[in-house]
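In case it helps, the numbering used here puts the sequence shown at residues 131 to 524.
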Amino acid sequence: MRERNWQTVRLGDVADVQSGGTPQVTESQYWGGDIPWYSSGELNTTFTNESNKYITKSGLENSNAKLFPKGSLLIGMYDTAALKMSILDRDAAFNQAICGIKPSKHIDLLFVLQAITLNRDYILCQRRGVRQKNLNLTKIKDIQVPLPPLPEQQRIVAILDEAFEGIAKAKANAEQNLKNAREVFESHLQAVFSQRGEGWIGKTLRQIAVDFGRGKSKHRPRNDPRLYGGPYPFIQTGDVRNSEHMITEFTQTYSEVGLSQSKLWPKGTLCITIAANIAETGILNFDACFPDSVIGIIVDENQSNNVFLEYLLQATKTVLKAKGKGSAQDNINLGTFENEIFFFPKLAAQNIIARQLDELSAETQRLESIYQRKIAALDELKKSLLHKAFSGEL
131 MRERNWQTVR
141 LGDVADVQSG
151 GTPQVTESQY
161 WGGDIPWYSS
171 GELNTTFTNE
181 SNKYITKSGL
191 ENSNAKLFPK
201 GSLLIGMYDT
211 AALKMSILDR
221 DAAFNQAICG
231 IKPSKHIDLL
241 FVLQAITLNR
251 DYILCQRRGV
261 RQKNLNLTKI
271 KDIQVPLPPL
281 PEQQRIVAIL
291 DEAFEGIAKA
301 KANAEQNLKN
311 AREVFESHLQ
321 AVFSQRGEGW
331 IGKTLRQIAV
341 DFGRGKSKHR
351 PRNDPRLYGG
361 PYPFIQTGDV
371 RNSEHMITEF
381 TQTYSEVGLS
391 QSKLWPKGTL
401 CITIAANIAE
411 TGILNFDACF
421 PDSVIGIIVD
431 ENQSNNVFLE
441 YLLQATKTVL
451 KAKGKGSAQD
461 NINLGTFENE
471 IFFFPKLAAQ
481 NIIARQLDEL
491 SAETQRLESI
501 YQRKIAALDE
511 LKKSLLHKAF
521 SGEL
């Protein structure tokens, strides 16, 4: 371990830190020139790529925009782009939502970038604002960074670069494996329902159900506190969307008053969302109420299997969503589902298909869990390396 004998400095005291600006957008002579001009939404990589917009020399001179040299560090200040950072790979200007730090012979700006990353959460707590939380130039200048000798900065950057490159590759592999696992299941799901064999019969959902209809929430206003806080689970579209086939959790409950203006659907009911989150599905793992933005289906067990039907609806989700596209909020009505024809094999075949898809789904979820844990572990490893680097342990 190297002895950490570094001074901590205020960024604005050791570097030239300035905010950018935007030329008047209505002045065409200010735009379309040869000076790259960045917005904070473009700060997505360690080094910048080609900018989306360019300004002219006149635009630069008649605005608060400033030309910063290649190697400068750009830092986003506003809203969700706060502390997004990139190093300029070319001379460029930038807007007022970004502050730039010019290169210095005493500071490696990649070292500064990593120091800020280490303290990201603390710095973001300094944001202020009502409608959106922003940093400002003063807050950026006030950032405290450790300042070892330049050779030590460069040594740490080299170690972190090599380590982070390996972590990035491992994370990309894990993310690809996660994507592959999901795609294998989706491919098999589509194959089952698109390559159906003989004996599949077209039926409507009402034909295979003993109960089929929208949920109920008659009382207005719907946020009346008397409706809530009792023993009856109240399922909403988000609960259905977040389920993995089975709805096992709920975020709200109805009281006796709430139940009296709704309907309690039994465990095993298949739920389909028809507003906001269209065609999301899940099977109730408990008795529950839900609003009219959810359709409930209690299948006739002599004709269908609710697990099979849930997978069937998943396989046709894209088609169903397309029917509900709207200008404001996507939604689909009960009639669309009533009139839609779905194909069903004999009940014995449905049971086999449901069991096979359950097994494949369980294996897919097992693999997803492994890859998600691996991704989380790699993120933690990166944080640990940063902490060690700035504690003098590398």
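All C-beta atoms in this analysis are idealised placements derived from N, C-alpha and C, irrespective of residue type, glycine included.
Here's the rule: buried if 16 or more other CB atoms are within 10 angstroms of the residue's CB, otherwise exposed. What is residue i?
i, result
"alanine 227", "buried"
"valine 147", "buried"
"valine 260", "exposed"
"glutamate 440", "buried"
"asparagine 463", "exposed"
"methionine 376", "exposed"
"glutamate 489", "exposed"
"threonine 381", "exposed"
"glutamine 502", "exposed"
"isoleucine 471", "exposed"
"lysine 187", "exposed"
"glycine 345", "buried"
"glutamate 510", "exposed"
"glycine 162", "exposed"
Beta-carbon separation of residue i and residue j under 8 Å?
i, j, result
"isoleucine 483", "phenylalanine 520", "no"
"glycine 368", "glycine 426", "no"
"glycine 332", "phenylalanine 467", "no"
"glutamate 512", "phenylalanine 294", "Inspection of the sequence shows that residue 512 is occupied by lysine rather than by glutamate. Yes; because the gap between Cβ atoms is below 8 Å, this pair is in contact."
"alanine 531", "lysine 518", "Residue numbering for the chain in the displayed model covers 131 to 524; residue 531 lies beyond these limits and cannot be assessed."
"isoleucine 428", "valine 340", "yes"
"isoleucine 430", "isoleucine 338", "Rather than isoleucine, the amino acid found at residue 430 in this sequence is aspartate. It is a contact, given that the beta carbons lie within the stated cut-off."
"leucine 232", "alanine 145", "Here the sequence assigns lysine to residue 232, which means leucine is not the residue at that position. Closer than 8 Å, so yes."
"tyrosine 160", "isoleucine 185", "yes"
"leucine 203", "isoleucine 165", "no"
"leucine 173", "leucine 515", "no"
"cysteine 419", "leucine 400", "no"
Strictly under 8 Å for the Cβ-Cβ distance: is residue i near chain D by that measure?
i, result
"tyrosine 358", "The chain labelled as chain D is not found in the depicted structure, where only one protein chain is given."
Measuring alpha carbon to alpha carbon, tell me which residue in the options is nearest residue i.
i, options, result
"alanine 445", "Ser324, Lys235, Ser169", "Ser324"
"phenylalanine 416", "Ile402, Trp395, Glu431, Ala405", "Trp395"
"serine 373", "Glu523, Glu410, Pro475", "Glu410"
"glycine 230", "Val314, Gly142, Lys333", "Gly142"
"tyrosine 168", "Leu490, Leu204, Phe224", "Phe224"
"valine 275", "Lys187, Gln391, Trp161, Gln137", "Gln137"
"histidine 236", "Glu282, Pro351, Thr247, Pro199", "Glu282"
"proline 355", "Tyr362, Ser385, Lys346", "Ser385"
"arginine 140", "Glu172, Tyr208, Pro166, Ala245", "Ala245"
"glutamine 205", "Ser234, Glu157, Leu254", "According to the sequence as given, residue 205 is isoleucine; it is not glutamine. Taking only the C-alpha atoms, the option nearest isoleucine 205 is Leu254."
"proline 296", "Leu524, Asn469, Leu508, Arg496", "In the sequence as presented, proline is not what sits at residue 296; that position holds glycine. The shortest C-alpha separation from glycine 296 is found at Leu508."
"lysine 447", "Thr247, Leu267, Glu316, Thr334", "Glu316"
"asparagine 469", "Asn135, Trp330, Thr334", "Thr334"
"tyrosine 358", "Ile273, Glu328, Ser392", "Ser392"
"glycine 522", "Ser347, Pro278, Ile500, Glu328", "Pro278"
Could you check how far apart the C-beta atoms of residue i and residue j are, in whole angstroms? I think they sit under 8 Å.
i, j, result
"glutamate 498", "leucine 319", "15 Å between Cβ atoms; not a contact."
"glutamine 480", "asparagine 435", "4 Å"
"threonine 378", "glycine 360", "Incorrect: roughly 20 Å between the Cβ atoms, too far for contact."
"glutamine 256", "lysine 269", "5 Å"
"serine 170", "lysine 214", "6 Å"
"glycine 412", "valine 370", "5 Å"
"valine 287", "aspartate 238", "6 Å"
"arginine 326", "proline 475", "7 Å"
"isoleucine 408", "valine 424", "In fact, because the Cβ distance is near 11 Å, the residues do not count as touching under 8 Å."
"threonine 494", "alanine 311", "5 Å"
**Request:** May I ask you to verify whether the stretch 216-223 touches the stretch 175-195, counting CB pairs closer than 8 Å and requiring at least 3?
**Result:** yes
**Request:** Check whether the stretch 187-197 touches the stretch 145-156, taking contact to mean three or more Cβ pairs, one atom from each stretch, closer than 8 Å.
**Result:** yes
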